[in-house]
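Participant: Chain order of the listed sequences is H and C.
Going by this note's numbering, the residue at position 10 of the first sequence is 1005; the numbering climbs one at a time, nothing skipped.
Going by this note's numbering, the residue at position 358 of the second sequence is 1353; the numbering climbs one at a time, nothing skipped.
Number of protein chains: 2
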Amino acid sequence: MNPLSSPLLSDLYQFTMLQSYLEQDMQETAVFELFIRKLPPGRNFMVAAGLEQVLNFLENLKFSSEELDWLAARFHPSLIDYFEQFHFSGDVHAMPEGTLFFPNEPVLRVTAPLPQAQLIESRLINLFHFGTLIASKAARSVLLAPDKLLVDFGMRRAHGAEAALLAARASYLAGFSGTATVLAGALYGIPLFGTMAHSYIQAHADELTAFAHFAYSSPDNVVLLIDTYDTEAAARKVVTLAPILAADRINIQGVRLDSGDLAAHAFNVRQILDQGGLQSTTIFASGNLDEYKLQTLLSAKAPIDGFGIGTALDISIDAPAFDCVYKLQEYAGKPRRKRSEGKATWPGRKQVYRYYTAEDEMSHDIVALAENDPHEGQPLLEPMMLAGQRIHSKISLHDLRQQTLANYTHLPKVMTTLEATPAYPVTISTALQDLAKQLDAEMVTHL
Amino acid sequence: MNPLSSPLLSDLYQFTMLQSYLEQDMQETAVFELFIRKLPPGRNFMVAAGLEQVLNFLENLKFSSEELDWLAARFHPSLIDYFEQFHFSGDVHAMPEGTLFFPNEPVLRVTAPLPQAQLIESRLINLFHFGTLIASKAARSVLLAPDKLLVDFGMRRAHGAEAALLAARASYLAGFSGTATVLAGALYGIPLFGTMAHSYIQAHADELTAFAHFAYSSPDNVVLLIDTYDTEAAARKVVTLAPILAADRINIQGVRLDSGDLAAHAFNVRQILDQGGLQSTTIFASGNLDEYKLQTLLSAKAPIDGFGIGTALDISIDAPAFDCVYKLQEYAGKPRRKRSEGKATWPGRKQVYRYYTAEDEMSHDIVALAENDPHEGQPLLEPMMLAGQRIHSKISLHDLRQQTLANYTHLPKVMTTLEATPAYPVTISTALQDLAKQLDAEMVTHL
């Protein structure tokens, strides 16, 4: 059983519900929509990511004989028979990856026979939620520092292997320059960056020797870590070493700071490097950075050219989860509405329309019914999979990243900062409001 | 390349450093220790978990031909030759899973040739950090509510597939009753729990029919979700349904509340069920729960028998990362000390000794040198792998869970609450302090 693709990576209730659906022959078409209920504090928008993983999951969903055996000991034979033939044959409409979106906007819609649409819920949320979580976090640093080198350094404290990989992907999609995670480079073609660890310096008898060894071993990537013992002293060693390396045509590309007062050290180190003739040697900073520390360093005009952002990015430290849900909106042609306290949903299959100002800035969105409720704006949900087949060829991650960067240019300027602004206007169409009222009235009658 | 086992799931700098180590023939024995620098706010202790995954990773670490090809395009042939033959041949000493531990205590020690010990850093932290993060979070609920059914409900908002599985494992190890994540049941033998989703109720024409269909389909696991429309009305439907099901020898085991004021609903529902003769039908609650909400519900004496804890558990929402590091402490027989500002480490290979009061309560720990610094206390670090081979047969997850529950009984009572208490006393042995001073003196001379 491969944890990354197994249909058993799901909640138990999906299986017990499916058993009942099949026994009642409840296999008519269901429409589920995925949305995020609210923005975390301090956030103004979200960036859709993870659709590629969702489509890949749906395309390849099947049960192995080992999985069927495990299930057969626990569920009715009719369910096992159903799983033996299982493949996903439904439709998926979604906002393209990199789309900026807001709470309560459906961002992905599944239209499929009820058991299929139900079975996929847990993993679909799991994949879409995490991609969007990280892309939305990464976007904040990208918008603050569009001209800086931003690198994902978060693998070691990401929550497991898949989180590390998908965080590298989502942050690159959102505009990061690359990652330190080698496998993300190998699997997704993301540019890789890396320097050296303190252990490398410590394992050598002295720091200068460590620098020299590294430079001769990786002459095309000489970025030296200078904070192991004394940052400014190490910067002076870099200046001492530079002409020796230059004689061998090796250029010291950069130095890395990883502790202490990064702004103060950067000013000192810049001066030492410049006075030593190393004006083109860049300064790269890391060490528990997030977008708030980035903003402080930028405000101080610290001479730092690039930033490694690790844990805070890969776990989305200020908002490690979004309130992301996948809800039944229609079954057998009839709109459905969940009315649980504080968790009521807008019924029916929906579309989101986006409007822009004359200056091409996003002005507002309207959530409307997908059918018989036309609007002039740009429809954000597009068909992505029909009858279980993708209808687009796969878009390259590089192109998705370019599209995301283009999307940022339409954001109202006030929303590009770290401060929470008044909510972006998202209104509910009259037709959708009427439908909700009608369902509530029917429900009251029914109770 | 399998993301769960690939040696490329690592940081780029591990590879550039290894290339240099091999070129300089720096292959003498290195000792790295893993520790957590500080407790997050409000926490009193941590629970070690993830060692099983670490040992499994080390035992199976090798490079596939595809991985070697990818590396060959980027690194020197000598590094590729080294990787072709690679297997981990070092030693691992560690605290057993389930051990309660504190900041700056080495919890895992790797002794291996420098390139090996370096290469494994990123994934070793990634696995150990996450297991310990979740076990430490889960322990808080277990200590609060030792007699309640506690179930991991977090898969959908866990950070990817591996996080979902390892969160189920770590929370069970820490004393949870089980999980809803099917694959965690299949792979680890963790007890599975599940009810039904709101979509199940909504897909039916009415709630009572949904309840009946579910009961007949899963007669051994009848836990009915009663908050989709009106919780108390649904509880009355449960009472109506019970005798009909009883005629078919089906027992309604429980109901689930998932929204609104859980305590108030629980009191109402308990009364409705009791008056309807359903005294043995339990009440299970879920919906954005964490240990603080659990405490509130327990304080209110809400008649709730079990809790599904989801997102807050699987992402460790109040502390989604620990400051977990893996540092070089000795190379080629010589102790090493990193002195970066605010990040200095205790040098040398170390042992942790634990002391107990006459009442068998933990009193204090001493961090000492592993050799020539004997202490009377219980040594916490044990040999787990020697020369690349495990020295114990695998302990069952069930036994690890029992051991963890036993460990809790030695915690000072004041540390079992959700409030932060004065730090548990961890002292540094005189010999270790002397070694650190000596290294600092040598360093000053050296600079």
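Virtual Cβ for every residue (Gly too), placed ideally from N, Cα, C.
Can a CB atom of chain H be found closer than 9 Å to the CB of Gln1428(C)?
Facilitator: Output row for Gln1428(C): interface = no.
Participant: Less than 7 Å between C-beta atoms, sequence neighbours within five positions excluded: which residues of the same chain meet that for Ala1314(C)?
Facilitator: So the list reads Pro1035, Arg1038, once near-sequence residues are dropped.
Participant: For Ser1166(H), which option in Ala1192(H), Ser1136(H), Arg1244(H), Tyr1195(H) has the closest C-alpha, if you only look at C-alpha atoms?
Facilitator: Of the listed residues, the one whose Cα sits closest to Ser1166(H) is Ser1136(H).
Participant: Would you tell me roughly how many angstroms separate the C-alpha atoms of Leu1442(H) and Arg1231(C), rounded to the nearest one?
Facilitator: Its pLDDT being 48, under 50, Leu1442(H) is placed unreliably by the model, and the measurement read from it follows with that caveat. Approximately 12 Å between the Cα atoms of the pair.
Participant: Helix, strand or coil: which one does DSSP assign to Lys1389(H)?
Facilitator: Coil, per DSSP.
Participant: Shorter than 9 Å from the beta carbon of Asp1222(C) to some beta carbon of chain H?
Facilitator: Yes, contact with chain H.
Participant: If you check the beta carbons only, do Pro1002(H) and Ala1156(C) fall under 9 Å apart?
Facilitator: No. Outside cutoff.
Participant: Can you tell me which of Val1347(H), Ile1185(H), Glu1356(H) puts its alpha carbon nearest to the alpha carbon of Pro1369(H)?
Facilitator: Cα-wise, what sits closest to Pro1369(H) is Val1347(H).
Participant: Check whether the Cβ atoms of Met1310(H) and His1154(C) lie closer than 9 Å to each other.
Facilitator: Rather than Met, the amino acid found at residue 1310(H) in this sequence is Ile. Yes, the pair counts as a contact, with Cβ atoms nearer than the cut-off.
Participant: Can you find at least 3 beta carbon pairs, one from the region 1001–1020 of chain C and one from the region 1061–1070 of chain H, that sit closer than 8 Å?
Facilitator: In short, these stretches do not touch, since the Cβ pair count stays below three.
Participant: Can you name the residues of chain C whose CB is closer than 9 Å to the CB of Lys1333(H)?
Facilitator: The contacting residues are His1193, Ser1194, Ile1196, Gln1197, Thr1223, Tyr1224.
Participant: According to DSSP, is Asp1318(H) part of a helix, a strand, or is it coil?
Facilitator: Asp1318(H) falls in the coil class under three-state DSSP.
Participant: I think Phe1040(C) touches Phe1058(C), with their Cβ atoms under 8 Å apart; what is that distance to the nearest whole Å?
Facilitator: In fact, because the Cβ distance is near 38 Å, the residues do not count as touching under 8 Å.
Participant: Are the CB atoms of Leu1240(C) and Thr1207(C) within a distance shorter than 9 Å?
Facilitator: Sequence inspection shows Ala at residue 1207(C); the Thr mentioned does not correspond to that position. For Ala1207(C) and Leu1240(C), yes; Cβs fall inside 9 Å.
Participant: Assign Gln1433(H) to buried or exposed, taking buried as 16 or more other Cβ atoms, counted over all protein chains shown, within 10 Å of its Cβ.
Facilitator: The residue is exposed, with fewer than 16 neighbouring Cβ atoms inside 10 Å.
Participant: If we define contact as Cβ-Cβ less than 9 Å, is Leu1007(C) a contact residue for chain H?
Facilitator: It does: the Cβ of Leu1007(C) has a partner Cβ on chain H nearer than 9 Å.
Participant: Count the other CB atoms within 10 Å of the CB of Gln1324(H); is the residue buried (16 or more) or exposed (fewer)?
Facilitator: With 16 or more other Cβ atoms within 10 Å, it is buried.
Participant: From which residue to which residue does the alpha helix (DSSP H) around Thr1226(C) run?
Facilitator: Counting along the chain, the alpha helix (DSSP H) containing Thr1226(C) begins and ends at 1226–1242.
Participant: Thr1174(H) and Val1146(H) - do their beta-carbons sit closer together than 9 Å?
Facilitator: The answer is yes: Cβ separation under 9 Å.
Participant: Taking the C-alpha atoms as reference points, what is the distance between Glu1336(H) and Arg1118(C)?
Facilitator: Glu1336(H) and Arg1118(C): Cα-Cα distance of roughly 43 Å.
Participant: For the putative contact between Phe1030(C) and Val1421(C), defined by C-beta atoms under 8 Å, what is the C-beta separation to the nearest angstrom?
Facilitator: Contact doesn't hold; Cβ gap of about 11 Å is too wide.
Participant: Do you know whose CA, among Ala1237(C), Asp1285(C), Asp1222(C), Ala1162(C), lies nearest Ala1259(C)'s CA?
Facilitator: Selected option, being the one with the closest Cα: Asp1222(C).
Participant: Which residue wins for smallest C-alpha separation from Ala1339(C), given the options Met1379(H), Asp1076(H), Ala1363(H), Gly1255(H)?
Facilitator: The option with the nearest alpha carbon to Ala1339(C) is Gly1255(H).
Participant: Using 8 Å as the cut-off, can you tell me whether the region 1108–1127 of chain H makes contact with the region 1048–1056 of chain H, which would need three or more C-beta pairs spanning the two stretches below that distance?
Facilitator: As far as the Cβ criterion goes, the region 1108–1127 of chain H touches the region 1048–1056 of chain H, which means the pair count is three or higher.
Participant: Going by beta-carbon coordinates alone, are Pro1087(C) and Val1105(C) separated by less than 9 Å?
Facilitator: Reading off the sequence shown, one finds Val at residue 1087(C), where the question assumed Pro. For Val1087(C) and Val1105(C), yes; Cβs fall inside 9 Å.
Participant: Quick check on Met1438(C): does DSSP put it in helix, strand or coil?
Facilitator: If DSSP states are grouped into helix, strand and coil, Met1438(C) belongs with the helices.
Participant: So, Ile1390(C) versus Glu1092(C), is the Cβ gap smaller than 9 Å?
Facilitator: Cβ distance < 9 Å, so Ile1390(C) and Glu1092(C) count as in contact.
Participant: Among the candidates Leu1430(H), Val1233(H), Ser1060(H), Leu1063(H), whose CA atom is the shortest distance from the CA of Trp1341(H)?
Facilitator: Here the closest residue by C-alpha is Leu1430(H).
Participant: Assuming Gly1149(H) and Ala1162(H) are in contact, meaning their beta carbons sit under 8 Å apart, how far apart are those beta carbons, in whole angstroms?
Facilitator: The Cβ separation is near 6 Å, so the contact holds.
Participant: Alpha helix (DSSP H) containing Phe1028(C): first to last residue?
Facilitator: According to the sequence provided, residue 1028(C) is Glu. The question's Phe does not apply to it. No alpha helix (DSSP H) holds Glu1028(C); the beta strand (DSSP E) holding it covers 1024–1031.
Participant: Closest Cβ-Cβ distance between Val1177(C) and chain H: below 9 Å?
Facilitator: So yes, Val1177(C) belongs to the interface.
Participant: Quick one: Cα of Gly1343(H) to Cα of Tyr1077(C), how far?
Facilitator: Their Cα atoms are separated by approximately 60 Å.
Participant: Taking CB distances under 9 Å as the criterion, tell me whether Gln1248(C) reaches chain H.
Facilitator: It does not; no Cβ of chain H falls within 9 Å.
Participant: Apply the 10 Å Cβ neighbour rule to Ala1382(H) and answer buried if 16 or more other Cβ atoms are within range, or exposed otherwise.
Facilitator: Answer is exposed; the Cβ neighbour count stays below 16.
Participant: Tell me, which residues are paired with Tyr1445(H) by DSSP?
Facilitator: Since the first and last residues shown for chain H are 996 and 1442, residue 1445(H) lies out of range.
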